[in-house]
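In the working numbering, the protein residues as written are 378 to 626.
Heads up, the thing below is written out as structure tokens.
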């Protein structure tokens, strides 16, 4: 690969990483919030490496070896080829670098959540703190699921709650309110899903706020909510953080 291409690739890759981690929140569609400083540092290092290489050897480069061989002696029987070149496929490396600058990929959504069919493990039954006063009570999907399955005091009974997530179609025509949680990055995501009853399924992957009450049933069955109101909401900045919906005004 020509030195010009090497320098440009380093600078573009670094600029792309800085774009998604420092100038925008796009990196949160790939990794958790705690890894943002490492991405920023990586982007700075890549840009500096490219700039140092350009300043050290002069940029743009336009040096070709003598036609006779590797050195200045034209009669040493050299190979007569240019070692500053590399395989043409190396140009394809520019596509991921440029995509970080000009293309915003969507976060994982319904397609991923629908393929996680295993039920969460049943934890030990225990007493949960009482829910706060007010109605509806904003809850995360995780807390709603834990209280439905493990709360000995049945704090969800006769309480109206508000949940927020994206729509995942169910095979039987129903739908789930879902969130994807990550430990490190999108590759290790796991789904939290609440069955929604009594409401027409909105479009897949759309973000909604569901207000309602826990659907009665044994803790061993899937956790469900009887919807009283479903309304669209904007996708949160960090889609992999299981946050409760903000209070309504």
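Glycine is no exception: its CB is placed at the ideal position from the N, C-alpha and C atoms.
Tell me whether residue i sits in a helix, a strand or coil according to DSSP, three-state version.
| i | result |
| --- | --- |
| residue 505 | coil |
| residue 486 | coil |
| residue 410 | helix |
| residue 515 | strand |
| residue 619 | coil |
| residue 402 | coil |
| residue 528 | strand |
In its own chain, which residues sit with a C-beta less than 6 angstroms from the C-beta of residue i, not counting the 5 before and 5 after it?
| i | result |
| --- | --- |
| residue 588 | 513, 539, 605, 606 |
| residue 358 | Lying before the first or after the last residue shown, residue 358 is absent from the chain, which here runs from 378 to 626. |
| residue 433 | none |
| residue 457 | The predicted position of residue 457 is uncertain, since its pLDDT is 48 and thus under 50; no value can be drawn from it. |
| residue 450 | At residue 450 the pLDDT is 48, less than 50, meaning the model places this residue with poor confidence and gives no usable figure here. |
Could you pull out every residue in the same chain whose Cβ sits closer than 8 angstroms to the Cβ of residue i, ignoring the five residues on either side in sequence?
| i | result |
| --- | --- |
| residue 478 | 389, 392, 393, 396 |
With residue i as the anchor, note down where its beta strand (DSSP E) starts and where it stops.
| i | result |
| --- | --- |
| residue 542 | 538-546 |
| residue 605 | 601-609 |
How far does the alpha helix (DSSP H) with residue i in it reach, from first residue to last?
| i | result |
| --- | --- |
| residue 383 | 380-395 |
| residue 474 | 471-479 |
Excluding five sequence neighbours on each side, which residues of the same chain lie with their C-beta closer than 7 angstroms to the C-beta of residue i?
| i | result |
| --- | --- |
| residue 583 | 543, 544, 609 |
| residue 485 | 557, 563, 566 |
| residue 524 | 505, 532, 533 |
| residue 386 | 470, 471, 474 |
What I want to know is whether the C-beta of residue i ends up closer than 6 angstroms to one or more non-hydrogen atoms of the ligand SAM.
| i | result |
| --- | --- |
| residue 560 | What this structure holds is no ligand at all, so the ligand SAM is not there to describe. |
Across the segment 409-422 and the segment 384-397, are there enough close Cβ pairs to call them in contact, namely three or more that are closer than 8 angstroms?
The count of Cβ pairs closer than 8 angstroms, one atom from the segment 409-422 and one from the segment 384-397, reaches three, so the stretches are in contact.
Stretch-stretch touch, CB-based, cutoff 8 angstroms, three pairs: the segment 515-522 with the segment 530-550
yes
Kindly provide the ranges of any beta strand (DSSP E) runs that are 3 or more residues long and lie completely inside the segment 548-592, ordered along the chain.
552-558, 567-574, 584-591
Should the segment 563-582 be regarded as contacting the segment 485-495, the criterion being three or more beta carbon pairs within less than 8 angstroms?
yes
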